[in-house]
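The listed protein sequences derive, respectively, from chains P and U.
In terms of the working numbering, the first sequence is residues 9 to 224.
In terms of the working numbering, the second sequence is residues 1355 to 1477.
Everything below concerns the one structure shown next.
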Amino acid sequence: MLPTPDYSHLSSKDFEDVYEPAEDTFILLDALEQDAHFLRERKPKICLEIGSGSGVVSAFVSSILGGSSALYLATDINQHASQCTLRTARQNKIQIDPLTAHLSDPFSPRLENQVDILIFNPPYVPTPKDEAITGQGTITGAWAGGQDGMSITDVLLSKVQTLLSNTGVFYLVAIKQNDVPAIQRRMLEHFSLNSEVVLQRRAGREHLFVIKFDKA
Amino acid sequence: MVRLITHNLLACHAKNCTSNNFPLQFKDIEIELREAEFNPDFIRGFLPKLEWKALIDAAKQLGDTSLPSEQPEMIDDEFLKNLHHVLLEIHIEEGAMICPNCQHVYPISNGIPNMLLAEHEIG
């Protein structure tokens, strides 16, 4: 079993502004670990995590693949989160290139058809629509997902097909209220992306899912 | 952090800025060199993804002239090591990146570029 990356350098002060790793983070790590062999086989060169927060997910992928075998890019709309991601990289003696950015915006068009592993643990909690918009860049933005919890996720979903390389995979965290079957159906119909639920579990009030998409 | 490998993938995405928006130009930068583990397979695999001229120009701007102006046909170890250094070991800590087209300024602070746009600049 791979250890969770060290984030002991982050304090409760950091977690006032940046999402603290929680059940949704850990189910994503578990899903990635379960796929470790599959991921190594694909020999990924470019990994892009959207909304990297504390940075533990990208750090974990680096420990699966080996730090020097891929480029780890991480965006977050919250600059405190970008700082935490960088600190987590240094704490774990790996290289992650964090950027403060909206989703994958600054990588267009250069990353078209180039991303081998794309990861998004989005703000998925259903809230009034305004909250997802006004919360962007703050701790509220780390969880407030607007209508059906899909306001932010939907924007990224429309770009996934363009970003993924031919052998690329996309991991998305969702909860039951996001309507997982509808997400899968939409991605197949609109973008010809296949998907499967690779892990699901109940954690407190949340029924969490990790969905994996690819072009196969 | 901004390394030249990442810089080579970034373009300006401000509203209506769709041509001549790559590569971003460095301004008033401070750099730090940090050693990274050399993985020739990774460097070789990344070669076809690079915009070579943009990389060479950026490296020159940072004072590194170790790479040839055209990608060589013969890939030897010395070339891969130079490329490794240019792509992965030069860290831009402070300064800014500027769009050659619309002059939008993307600041870099504590090693992190801020690529966010204001509301009215979003396309």
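Glycine included, every Cβ here is placed at the ideal spot set by N, Cα and C.
Run through the DSSP bridge pairs and tell me what residue i is partnered with.
i	result
valine 15 (chain P)	According to the sequence provided, residue 15 (chain P) is tyrosine. The question's valine does not apply to it. According to DSSP, which records beta bridges pairwise, tyrosine 15 (chain P) is partnered with nothing at all.
glutamine 1379 (chain U)	U:Ile1452
tyrosine 179 (chain P)	P:Ile127, P:Lys220
leucine 207 (chain P)	P:Val218
alanine 152 (chain P)	P:Val133
cysteine 55 (chain P)	P:Tyr80, P:Ile125
glutamate 1386 (chain U)	U:His1445
asparagine 1468 (chain U)	P:Thr108
isoleucine 1462 (chain U)	U:Gly1449, U:Pro1467
alanine 190 (chain P)	Paired residue(s): none; alanine 190 (chain P) is not in a bridge.
Which chain P residues are close to residue i, counting only those with a beta carbon under 8 Å from its beta carbon?
i	result
threonine 1360 (chain U)	Leu79, Leu81, Asp105, Leu107
isoleucine 1466 (chain U)	Gln87, Ser90, Gln91, Leu94, Pro106, Leu107, Thr108
alanine 1390 (chain U)	Ser76, Gln103
histidine 1367 (chain U)	Asp113, Pro114, Ser116
alanine 1437 (chain U)	Checking the displayed sequence, the identity of residue 1437 (chain U) turns out to be leucine instead of alanine. Within 8 Å Cβ-Cβ: nothing; leucine 1437 (chain U) doesn't reach chain P, min ~13 Å.
Please list, in chain order, the chain U residues whose beta carbon lies closer than 8 Å to that of residue i.
i	result
glutamine 99 (chain P)	Result: empty, since nearest Cβ-Cβ is about 14 Å, beyond 8 Å.
glutamine 155 (chain P)	Within chain U, no residue comes near glutamine 155 (chain P); the closest Cβ sits about 20 Å away, beyond 8 Å.
Identify the contact partners of residue i in chain U, using a Cβ-Cβ distance below 7 Å as the criterion.
i	result
leucine 119 (chain P)	Leu1363
glutamine 208 (chain P)	In chain order: nothing, as chain U lies at least about 34 Å away.
Identify the contact partners of residue i in chain A, using a Cβ-Cβ distance below 8 Å as the criterion.
i	result
leucine 1434 (chain U)	Absence of chain A from the displayed structure is noted, the protein chains being P and U.
Given that residue i touches chain U, what residues does it touch there, using C-beta distances under 9 Å?
i	result
glutamine 192 (chain P)	Neighbours of glutamine 192 (chain P) on chain U: none; closest Cβ ~29 Å, over 9 Å.
Could you pull out every residue in the same chain whose Cβ sits closer than 6 Å to the Cβ of residue i, ignoring the five residues on either side in sequence?
i	result
isoleucine 1458 (chain U)	A small correction: the amino acid at residue 1458 (chain U) is histidine; isoleucine does not occupy that position in the sequence shown. Cβ within range, chain order: Cys1366, Ala1368.
isoleucine 1383 (chain U)	Ile1446, Gly1449
phenylalanine 217 (chain P)	Ala182, Val188, Val205, Gln208
proline 1467 (chain U)	Val1356, Tyr1460
aspartate 84 (chain P)	Gly59, Ser60, Ser90
serine 71 (chain P)	Leu10
methionine 1469 (chain U)	Tyr1460
Among the residues of its own chain, which have a CB less than 8 Å from the CB of residue i, if the five just before and after it don't count?
i	result
valine 65 (chain P)	Thr33, Leu36, Leu37, Leu40, Glu57, Ile127, Asn129
serine 1463 (chain U)	Glu1448
histidine 17 (chain P)	Arg95, Thr96, Gln99
glutamate 139 (chain P)	Thr148, Ala152, Gly154
Strictly below 9 Å CB to CB, what residues from chain P border residue i?
i	result
methionine 1428 (chain U)	Residues of chain P passing the Cβ test: none, with the nearest at roughly 22 Å.
Given residue i, which residues of its chain have a CB within under 7 Å of its CB, disregarding the five upstream and five downstream residues?
i	result
glutamine 53 (chain P)	The displayed chain sequence assigns lysine, not glutamine, to residue 53 (chain P). So the qualifying residues of the chain are Ala78, Leu79, Asp124.
lysine 1381 (chain U)	Gly1449, Ala1450, Ile1452
isoleucine 1410 (chain U)	Leu1421, Ser1423
- Query: Fully enclosed by the stretch 68–121 of chain P, which alpha helix (DSSP H) runs are 4 residues long or longer?
  - Reply: 87–99
- Got a sec: which bits of the stretch 1376–1388 of chain U sit with their beta carbon under 8 Å from any beta carbon on chain P, in order along the chain? Phe1376
- Item | Near-chain U residues of the stretch 34–60 of chain P (beta-carbon distance less than 9 Å), N- to C-terminal order | Lys51, Lys53, Ile54
- Query: Closer than 9 Å, Cβ to any Cβ of chain P: which residues of the stretch 1393–1425 of chain U, in chain order?
  - Reply: Asn1393, Asp1395, Phe1396, Gly1399, Phe1400, Lys1403, Glu1405
- Item | Start-end ranges of the beta strand (DSSP E) lying completely within the stretch 1408–1457 of chain U, minimum 3 residues | 1444–1452
- Task: Give, in chain order, every residue of the stretch 122–138 of chain P whose Cβ lies closer than 9 Å to some Cβ of chain U.
- Result: Gln122
- Item | Those runs of the beta strand (DSSP E) which lie wholly inside the stretch 19–43 of chain P and span at least 3 residues | none
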